[in-house]
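I have placed the structure first, in the form of structure tokens, so that the comments after it can refer back to it.
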Amino acid sequence: MTDLRGAKSATAAAATLRAHPAAASAIASCLNAQAESRPRSTFGKAFGVSPLSEASRGPYVAALGALHVADELAKLGPDWEILHGVPAGERGGVIDHLAIGPAGVFALDVLHQQADTVTVRGDLLAINGVPRPHLALARDLATDAAVNLTRVTGLNVPVRGLIVYVAPQSVSVRDEPDDVGVTSDRTLCKWLATREHVLDAATVAAIADAAAEPSTWRGAAPHRTPGFDGTAFDALRVEVQRAWLARGFWGTALIAAAAIAAVQLFGA
């Protein structure tokens, strides 16, 4: 489980974006929505009623997806620097994860598409056959990041958008756009690790240092998301898991009871 309470790096100064925890905005939205919901009854807890409200379910799933992708990115090793929740620029977008490493700079947009079919044919991206604007949104985030990093470092810093779908049924890519990649959480690390190396270690460090500075992003303040509480979210995850186990127990008990009743009825 991702440690939500600490910074990404123990040596990072709290005043930089290195202190941003992953999924902070989604976690805050989830907890804020939960605060407005009615607590479960004792009966509800015993029978596995979900603690999530209708309003908190979406950001809860989004937070889990972002945390899972953050854990996957950590497997890339020390050659890569990963920043979370980067405010991309003028349009107000936020990059879920900014990955900076030997293969370049990537602005990751994490989307939860459980059991969905994703197809990419050039500039057409569809979910279950329905066109979606994900490529354009990812492109905007990457463009904003490139403009800011180029301005601050004095280097030409291309940034490629990267859409990461969490738990899809499949991702089929043909004629992938040059400026936006598309992959799943299962293949993310391989996708990044097998890219051609275009940056040396010194350049990676210089870009990462610039990206970590709030001033790079038009004066964005260090992460202070109202409502963010990593400990509270961890506790909520435990509640959700216990509710899932309780529903499984009662479901199994009902099936067993029905089977016993059938044997007694037809065996009489």
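Numbered according to our numbering, the sequence shown spans residues 54 to 321. Just so it is clear, CB atoms sit at the ideal spot from N, CA and C, and this is done for glycine as well.
{"Query": "What residue does the beta strand (DSSP E) around L213 start on, and which one ends it?", "Result": "Sequence check: residue 213 is Arg here, not Leu. Per DSSP, R213 belongs to the beta strand (DSSP E) from 212-219."}
{"Query": "Report the three-state DSSP secondary structure of R91 (helix, strand or coil).", "Result": "coil"}
{"Query": "Which ranges does the beta strand (DSSP E) cover as unbroken runs of at least 3 residues, wholly within the segment 158-232, from first to last along the chain?", "Result": "170-174, 177-180, 212-219, 223-227"}
{"Query": "Between the segment 159-172 and the segment 114-133, are three or more C-beta pairs nearer than 8 Å?", "Result": "yes"}
{"Query": "In three-state DSSP terms, what is R58?", "Result": "For R58, the predicted model reports a pLDDT of 41, less than 50, meaning its position is unreliable; a value from the coordinates is still stated below. In this structure, R58 counts as coil in the three-state DSSP scheme."}
{"Query": "From this set, L151, A108, D176, which residue's C-alpha is nearest D262's C-alpha?", "Result": "L151"}
{"Query": "Among the residues of its own chain, which have a CB less than 7 Å from the CB of E229, if the five just before and after it don't count?", "Result": "V173, V235"}
{"Query": "Could you tell me the alpha carbon to alpha carbon distance between A160 and A195, rounded to whole angstroms?", "Result": "6 Å"}
{"Query": "Should A189 and L70 be called a contact, given that it needs their Cβ atoms to be closer than 8 Å?", "Result": "no"}
{"Query": "With DSSP run on the structure shown, which of helix, strand or coil describes L136?", "Result": "strand"}
{"Query": "Three Cβ pairs or more, each shorter than 8 Å: is that satisfied between the segment 244-261 and the segment 171-186?", "Result": "no"}
{"Query": "Would you call the segment 127-141 in contact with the segment 75-84, where contact means no fewer than 3 C-beta pairs closer than 8 Å?", "Result": "yes"}
{"Query": "What would DSSP say about H121, mapped onto helix, strand or coil?", "Result": "helix"}
{"Query": "Just reading off the beta strand (DSSP E) that V147 is part of, what are its end residues?", "Result": "147-154"}
{"Query": "Using three-state DSSP, classify T240 as helix, strand or coil.", "Result": "coil"}
{"Query": "Where does Q222 land, buried or exposed, given buried means 16+ other C-beta within 10 angstroms?", "Result": "exposed"}
{"Query": "Is V293 helix, strand or coil when you go by DSSP?", "Result": "helix"}
{"Query": "Could you check if P92 is buried or exposed, using at least 16 other CB atoms within 10 Å of its CB as the buried criterion?", "Result": "exposed"}
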